[in-house]
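In the working numbering, the protein residues as written are 228 to 498. Every residue, glycine too, gets a C-beta built ideally from N, C-alpha and C. As structure tokens, the structure follows; a few thoughts come after it.
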């Protein structure tokens, strides 16, 4: 359904859940799933990537030699789709007739990708063709990174699990433990900032595991992210410069929030 109320019917589109070799669920709708000026949405499926034209309802499929695809998303330039499983990546040029999946090693559709390292996070760089480049490390109290890394030219942000030995001093009475949230890395400066998500921020116990996921950058210093727990499902904005957090929208659907229903935004920067 478009903003103008126009309904588009996608004939013959049947999507199934994807899983890795260990049975862990994939990302049905990633933050970079929307491309082509908001017209096209891509979905990972076993052995293929499906592209939906949201204006016409037309469906195109692109074979990929993996039955365990975990994600599909557009590069920042919008010219390629990158499909990934737990071991490999492939690029697809959907504008080329008869497009084939081209092996891309450990490629990634984003400009940076953040992962956890000993007492720090590692920031890997990728070019516009999803090819890996240099890797640097930045000190941060992160033991695990989750979700996709969303970037500007300067910042890289992703979900994070924290070292509670370092986060416990900031806990306030009644808020419960703090073990998850977000990390944002200033790549040029080699520094990191964290957004801590207490388990009981409003006196109600319970955020869901991997509660906070990056969705897009509204501007050069404001990250849009999803927060999910017993308080509901929200899109919030984190100003990584000032540390302020603002409410953007509450998402209310008939779908269960645990596991979290995927959301993709066609706004902001998703480098």
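ask   = Run through DSSP, which three-state label would residue 393 get?
value = As a working note, residue 393 is residue 166 in the chain shown. In the displayed model, residue 393 falls within a helix according to three-state DSSP.
request  = Please work out which residues of its chain come closer than 7 Å, Cβ to Cβ, to residue 237, disregarding the five sequence neighbours upstream and downstream, and give them in chain order.
outcome  = Here the question's residue 237 lines up with position 10 in the chain shown. The residues are 279, 284 and 286.
task = Output the residue ranges of the beta strand (DSSP E) runs that lie fully inside the region 420-459 and measure 3 residues or longer, sorted by chain position.
result = Taking only runs of at least 3 residues, the beta strand (DSSP E) segments lying wholly in the region 420-459 are 434-446 and 449-456.
Sequence-distant residues of its chain with Cβ nearer than 8 Å to residue 260 (five each side left out) = Against the chain shown, residue 260 aligns to sequence position 33. If we look at residue 260 and ignore the five residues flanking it on each side, its Cβ neighbours are 268, 269, 270, 299, 300, 301 and 491.
query = Hey, quick one: how far does the beta strand (DSSP E) through residue 378 stretch, first residue to last?
reply = Locating residue 378 in the chain shown gives position 151, where the first residue counts as 1. Run containing residue 378: 369-378, per the beta strand (DSSP E) assignment.
task = Please say whether residue 361 and residue 218 have beta carbons closer to each other than 9 Å?
result = As displayed, the chain neither begins before 228 nor continues past 498, which places residue 218 out of reach and without an answer.
Extent of the continuous beta strand (DSSP E) to which residue 272 belongs = Along the chain shown, one-based indexing puts residue 272 at 45. Per DSSP, residue 272 belongs to the beta strand (DSSP E) from 267-272.
ask   = Ordered along the chain, which non-local residues of its own chain (more than five positions away) have a Cβ less than 6 Å from that of residue 447?
value = Taking the first residue of the chain shown as 1, we reach residue 447 at position 220. Excluding residues within five positions, the ones whose Cβ falls inside 6 Å are 379.
task = Return the Cβ separation of residue 374 and residue 357 in integer angstroms, given the expectation that the two are a contact with Cβ distance under 8 Å.
result = Indexing the chain shown from 1 puts residue 374 at position 147. Indexing the chain shown from 1 puts residue 357 at position 130. Wrong, their Cβ atoms sit about 18 Å apart, outside the cutoff.
inquiry  = For residue 445 and residue 498, I'd like the C-alpha separation in whole angstroms.
reply    = As a first step, residue 445 is located in the chain shown; it is residue number 218 there, counting from the start. As a first step, residue 498 is located in the chain shown; it is residue number 271 there, counting from the start. Whole-angstrom Cα-Cα distance: 12 Å.
task = Assign residue 473 to buried or exposed, taking buried as 16 or more other Cβ atoms, counted over all protein chains shown, within 10 Å of its Cβ.
result = Within the chain shown, numbered from 1, the residue matching residue 473 stands at position 246. Around the beta carbon of residue 473, fewer than 16 other beta carbons sit within 10 angstroms, so the residue counts as exposed.
task = Would you list the one or two residues that DSSP bridges to residue 261?
result = For this step, residue 261 is matched to residue 34 along the chain shown. 268.
request  = Could you spell out where the beta strand (DSSP E) holding residue 351 opens and where it closes?
outcome  = As a position in the chain shown, residue 351 is number 124, starting the count at 1. Its beta strand (DSSP E) spans residues 347-353.
task = Evaluate residue 412 with the Cβ neighbour count: other Cβ atoms within 10 Å of its Cβ, from every protein chain shown; 16 or more gives buried, anything less gives exposed.
result = Mapped onto the chain shown, residue 412 falls at position 185. When all chains shown are included, residue 412 counts as buried.
key: Three-state secondary structure (DSSP) of residue 388   = As a first step, residue 388 must be located in the chain shown, where it is residue number 161. Strand at residue 388.
Among 326, 273, 421 and 382, the one whose alpha carbon lies nearest that of residue 390 = Translated into positions along the chain shown, residue 390 becomes position 163. With respect to the C-alpha of residue 390, the residue from 326, 273, 421 and 382 having the closest C-alpha is 421.
ask   = Rounded to a whole number of angstroms, what is the C-alpha to C-alpha distance between residue 416 and residue 342?
value = For the purposes of this step, residue 416 is taken as the residue at position 189 of the chain shown. For the purposes of this step, residue 342 is taken as the residue at position 115 of the chain shown. Cα-Cα distance, rounded: 18 Å.
key: Given residue 478 as reference, the closest of 468, 489 and 471 once Cα atoms are compared   = Taking the chain shown and counting its residues from 1, the one referred to as residue 478 is at position 251. With distances taken between Cα atoms, residue 478 lies closest to 489.
query = Roughly how many angstroms separate the alpha carbons of residue 495 and residue 384, rounded to a whole number?
reply = Taking the first residue of the chain shown as position 1, residue 495 is located at position 268. Taking the first residue of the chain shown as position 1, residue 384 is located at position 157. Roughly 14 Å between the two C-alpha positions.
query = When the Cα of residue 248 is compared with those of 424, 328, 293 and 329, which residue comes out closest?
reply = Walking along the chain shown from the start, residue 248 turns up at place 21. Minimum Cα distance to residue 248 is reached at 293.
query = Taking the alpha carbon of residue 344 as the point to measure from, which residue in 321, 305, 388 and 319 has its own alpha carbon closest?
reply = Taking the first residue of the chain shown as 1, we reach residue 344 at position 117. In terms of Cα proximity to residue 344, the closest of 321, 305, 388 and 319 is 388.
query = The beta strand (DSSP E) with residue 288 in it runs from where to where?
reply = Position 61 of the chain shown, counted from the first residue, corresponds to residue 288. Per DSSP, residue 288 belongs to the beta strand (DSSP E) from 286-290.
task = Would you please state the rounded distance, in angstroms, between the beta carbons of residue 290 and residue 274? I believe it to be under 8 Å.
result = The residue you call residue 290 lines up with position 63 of the chain shown. The residue you call residue 274 lines up with position 47 of the chain shown. Indeed, because the Cβ distance is near 6 Å, the residues count as touching under 8 Å.
ask   = So, helix, strand or coil for residue 301, using DSSP?
value = Along the chain shown, one-based indexing puts residue 301 at 74. It is a strand residue.
Bridge partner(s) assigned by DSSP for residue 366 = Here residue 366 corresponds to residue number 139 of the chain shown, with the count starting at 1. Looking at the DSSP assignment, residue 366 forms a beta bridge with 347.
query = What are the residues that DSSP puts in a beta bridge with residue 311?
reply = As a working note, residue 311 is residue 84 in the chain shown. Answer is 298 and 316.
task = Report the option in 409, 370, 332 and 314 whose CA atom is closest to the CA atom of residue 453.
result = By 1-based counting over the chain shown, the position of residue 453 is 226. Of the candidates 409, 370, 332 and 314, the one whose C-alpha sits nearest the C-alpha of residue 453 is 409.
inquiry  = I'd like to confirm the pairing. Which residues does DSSP put opposite residue 463 in its beta bridges?
reply    = For this step, residue 463 is matched to residue 236 along the chain shown. Per DSSP, 452 and 474.
query = Can you list, in chain order, the residues of its chain whose CB lies under 8 Å from that of residue 476, leaving out five sequence neighbours each side?
reply = Translated into positions along the chain shown, residue 476 becomes position 249. Excluding residues within five positions, the ones whose Cβ falls inside 8 Å are 461 and 462.
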